[in-house]
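So the structure is just underneath, and the comments pick up after that.
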Amino acid sequence: MSVSLLDLHRAARARRTPAPVPLGLDAFRARVLVALSPRTRTPNARAELRRLADLAERHAGLRARSNQMAAVRAMLRGSIVELDTGEGKTLVGALLAARWAQRGEPVHVVTANDYLAQRDADRFASFFAAAGTSVASIVSASSRAERAHAYSAGVVYSTSKELAADFLRDSLDAMKGRSAASMLYEGERTRMPLQRGLGVAIVDEADSVLIDEAGTPLILSETPVRAAATGEAKRAHEVAASLVVREHYDAIEQTRDVKLNARGRERLARTASGVRGVWSVPRRREELVTTALVVRIFFLRDVHYVNRDGRILIVDEFTGRILPDRTWRRGLQQAVEIKEGLEPSTPTATSARTSFQQFFRRYRHLCGMTGTAREARGEFASVYACRTERIEPYRTSQRVRLPTLVSADGDSRDRAVAEEVERVRERGRPVLVGTRSVHASECLSEELDARGIRHLVLNAVRHEREAEIIRSAGQPGAVTVATNMAGRGTDIELGDGVAESGGLHVIAAEPNQSARIDRQLFGRCGRQGDPGTCRLHVSPDDDLFRRFPPRFPLGSLAVRDCQRRAQASAVRQRASLAHADDALEDSLWFAAM
5 MSVSLLDLHR AARARRTPAP VPLGLDAFRA RVLVALSPRT RTPNARAELR RLADLAERHA
65 GLRARSNQMA AVRAMLRGSI VELDTGEGKT LVGALLAARW AQRGEPVHVV TANDYLAQRD
125 ADRFASFFAA AGTSVASIVS ASSRAERAHA YSAGVVYSTS KELAADFLRD SLDAMKGRSA
185 ASMLYEGERT RMPLQRGLGV AIVDEADSVL IDEAGTPLIL SETPVRAAAT GEAKRAHEVA
245 ASLVVREHYD AIEQTRDVKL NARGRERLAR TASGVRGVWS VPRRREELVT TALVVRIFFL
305 RDVHYVNRDG RILIVDEFTG RILPDRTWRR GLQQAVEIKE GLEPSTPTAT SARTSFQQFF
365 RRYRHLCGMT GTAREARGEF ASVYACRTER IEPYRTSQRV RLPTLVSADG DSRDRAVAEE
425 VERVRERGRP VLVGTRSVHA SECLSEELDA RGIRHLVLNA VRHEREAEII RSAGQPGAVT
485 VATNMAGRGT DIELGDGVAE SGGLHVIAAE PNQSARIDRQ LFGRCGRQGD PGTCRLHVSP
545 DDDLFRRFPP RFPLGSLAVR DCQRRAQASA VRQRASLAHA DDALEDSLWF AAM
């Protein structure tokens with residue numbers, strides 16, 4: 005029996021080619037209509053969910069409670085649900101994924117990191133098999149062949165970065181005219197499209213993925229054929245070091261930006277006398293020097309990045325995790341490398357880009373869950389057409405928030421935190437201290453060491469034992485100092501006798517830009533009706549107050565006011581990015597035809 009090229013093409017297309025997805029705002033409107041369609045609600049939906057819950061109990065050892073089933077039903081309606089920490093969002097995601105996979109939709113469960121993607125896919129493998137579907141995970145180390153195999157599964161666990169990057173790779177191949185037929189003809193089977201389409205996205209930690217990460221575009225880069233010269237960037241760093249704030253430029257703390265004034269531009273013009281090339285172009289040399297100034301003033305080591313073995317690695321400001329495969333663009337990466345005394349890397353050219361807002365609006369059905377959704381409910385509605393629903397905890401929370409404490413400066417604040425740790429620990433209670441940066445966690449660690457307080461540190465530099473540290477963080481007398489990465493996606497379980505002594509005590513050593521992140525940290529205690537307490541410490545030199553000067557005496561009211569202004573600024577930034585994406589895509593609609 006002979007098989008023609010056309011037959012091969014049809015078979016490959018049916019198996020691997022993504023279903024056509026409308027672009028931009030059309031996808032947004034189409035998904036709204038699908039979400040509201042009666043097809044999302046069937047008469048025997050509750051019975052089928054109950055059957056899946058029974059399978060999960062038999063094969064994963066997890067019993068679904070009434071509030072978890074309510075969360076599944078809400079997400080089937082396309083909602084973002086607020087479900088408190090410890091209420092079992094992992095099981096909710098698995099039940100929902102199985103329900104959607106039964107309808108033949110490609111389902112992507114978006115997790116906070118590679119570890120959780122791998123863990124959850126392995127944990128629920130037998131459950132999904134019993135439910136009549138398959139499951140796989142994709143992590144940053146997955147090869148193209150492994151990704152292609154994983155996307156053939158009914159349910160795929162991965163991170164937003166990996167899913168969006170694979171979508172861009174498929175789009176890039178399509179734009180280059182690499183059709184399925186031509187690839188089969190050329191024998192390039194490995195270059196077939198990876199994804200089967202963007203059907204259903206179930207987003208865990210939805211506020212982090214859909215809101216916090218939305219302000220950063222995802223870019224696929226390739227090294228230019230001719231490596232760009234680095235002499236101009238080094239010259240810009242030297243010139244920037246000679247400029248004086250307010251005399252040659254203004255530093256804008258709120259937007260982390262620098263503006264050269266007339267005297268600064270005159271100073272640059274004198275440095276360009278008799279010089280050829282890029283430095284002789286006024287606009288270009290001003291851009292180079294401005295970038296160097298921004299890096300010198302606002303990009304802080306062990307806050308925004310770490311220098312690991314001579315390599316600059318970005319630290320996620322919201323989670324405190326290292327982003328190993330990401331680099332800054334527009335010369336920022338090279339400017340940081342020069343600042344650190346390293347040889348600047350070769351700049352890369354952009355091959356394809358998207359924002360996470362644009363990417364997730366392409367899914368036909370989008371839903372999510374998080375412990376902190378209400379602060380962002382307006383943005384969920386306006387950007388993603390998702391309503392926010394609060395799911396009450398199975399047991400009433402006993403968490404007590406203690407009054408905010410104000411210190412004179414950062415050093416005295418560290419001493420106050422250490423004293424509080426000492427007092428609480430003496431009662432046999434565990435303590436979790438959350439900091440905003442690697443540097444802050446290391447400074448506090450030194451203060452605890454000076455007092456002889458045994459503790460563990462979890463940050464972007466010291467993260468190898470994360471799972472072990474989180475498992476022990478609820479034991480009697482345990483002290484854990486961590487950045488915002490601490491326990492996101494996992495629970496801190498209390499050891500013997502801890503509940504009777506008052507539960508876990510959580511300290512936020514500095515307010516975050518977003519009240520959601522503070523609330524996420526406080527949610528580490530008081531899970532599933534356990535007792536627990538939490539407290540915020542502040543000082544005048546906190547980053548929040550430097551960027552958004554308080555209009556009230558320092559305390560809870562000032563924190564709330566500054567955080568509201570910080571979030572309003574962040575919302576405007578994300579809205580600007582979304583509008584730019586829509587305008588760009590509308591102007592290039594013909595490229596996707």
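Start counting the sequence shown at 5; every next residue gets the next number (the working numbering).
We put the beta carbon where it would ideally sit given N, CA and C, even for glycine.
Residue i, DSSP secondary structure in three states
i: Phe594; result: For Phe594, the predicted model reports a pLDDT of 41, less than 50, meaning its position is unreliable; a value from the coordinates is still stated below. DSSP places Phe594 in helix when its eight states are reduced to three.
i: Ala389; result: coil
i: His459; result: coil
i: Ile521; result: helix
i: Ala135; result: coil
i: Arg357; result: strand
i: Val563; result: helix
i: Val85; result: strand
i: Arg1; result: Outside the shown range of the chain, which is 5 to 597, sits residue 1, and nothing can be said about it.
i: Val279; result: coil
i: Ser225; result: strand
i: Leu167; result: helix
i: Ile342; result: helix
i: Leu272; result: helix
i: Leu214; result: helix
i: Val2; result: No answer is possible for residue 2: it lies beyond the span of the chain, which begins at 5 and ends at 597.
i: Val249; result: strand
Extent of the continuous alpha helix (DSSP H) run through residue i
i: Val425; result: Gly414 to Glu430
i: Cys529; result: Counting along the chain, Cys529 falls outside any alpha helix (DSSP H), and DSSP gives it neither H nor E.
i: Gln72; result: Ser70 to Leu80
i: Arg127; result: Asp118 to Arg127
i: Leu100; result: Lys93 to Ala105
i: Gly235; result: Gly235 to Ser246
i: Asp470; result: Looking at the sequence shown, residue 470 is not Asp but Glu. Its alpha helix (DSSP H) spans residues Glu470 to Ser476.
Cut-off 8 angstroms between Cβ atoms - residues of its own chain near residue i, not counting five sequence neighbours on either side
i: Val502; result: Gly432, Arg433, Pro434, Gly478, Gln479, Pro480 and Leu508
i: His583; result: none
i: Ala273; result: Pro286
i: Ser186; result: Unreliable placement is indicated for Ser186, whose pLDDT of 48 sits below 50; no coordinate value is reported for it.
i: Gln402; result: Gly507, Gly530, Gly533, Asp534, Pro535 and Gly536
C-beta contact flag for residue i and residue j at 7 angstroms
i: Val310; j: Val113; result: no
i: Gln577; j: Thr376; result: no
i: His459; j: Val421; result: no
i: Ser141; j: Ala125; result: yes
i: Gly324; j: Thr487; result: yes
i: Phe384; j: Thr392; result: yes
i: Arg520; j: Asp211; result: yes
i: Ala75; j: Ile395; result: yes
i: Phe303; j: Val340; result: yes
i: Leu99; j: Met79; result: no
i: Glu209; j: Ala116; result: yes
i: Tyr367; j: Leu202; result: yes
i: Gln72; j: Gly92; result: yes
According to DSSP, residues forming a beta bridge with residue i
i: Asn265; result: In the DSSP output, where bridge partners are listed per residue, Asn265 has none listed.
i: Arg305; result: Tyr309
i: Cys447; result: Answer is none; Cys447 lacks a bridge partner.
i: Val510; result: Leu436 and Cys538
i: Cys371; result: Ile206
i: Ile316; result: Asn311
i: Val483; result: Val435
i: Ala140; result: Val160
i: His112; result: Val160 and Ala205
i: Val410; result: Val542
i: Leu327; result: Ile318
i: Val502; result: None; Val502 has no bridge partner.
i: Val465; result: DSSP lists no partner for Val465.
Sequence-distant residues of the same chain with beta carbon closer than 6 angstroms to residue i, five excluded per side
i: Ala154; result: Ala140, Ile142 and Val160
i: Gly191; result: Low confidence applies to Gly191: its pLDDT is 46, below 50, so where it sits in the model is not reliable, and the reading given next is rough at best. Closer than 6 angstroms at Cβ, skipping near neighbours: no residue.
i: Leu167; result: His112
7 angstroms Cβ shell around residue i - same chain, five flanking residues per side excluded
i: Leu409; result: Ala420, Arg539 and His541
i: Asp522; result: Ala512, Pro515, Asn516 and Leu540
i: Arg300; result: Ala244 and Lys343
i: Ala276; result: Trp283, Ser284 and Arg289
i: Asp320; result: Leu327
i: Cys447; result: Asp418
i: Ala296; result: Ala240, His241, Ala244 and Ala339
i: Gly314; result: Leu346
Range of the contiguous beta strand (DSSP E) that encloses residue i
i: Asp254; result: Tyr253 to Ile256
i: Arg405; result: Gln402 to Arg405
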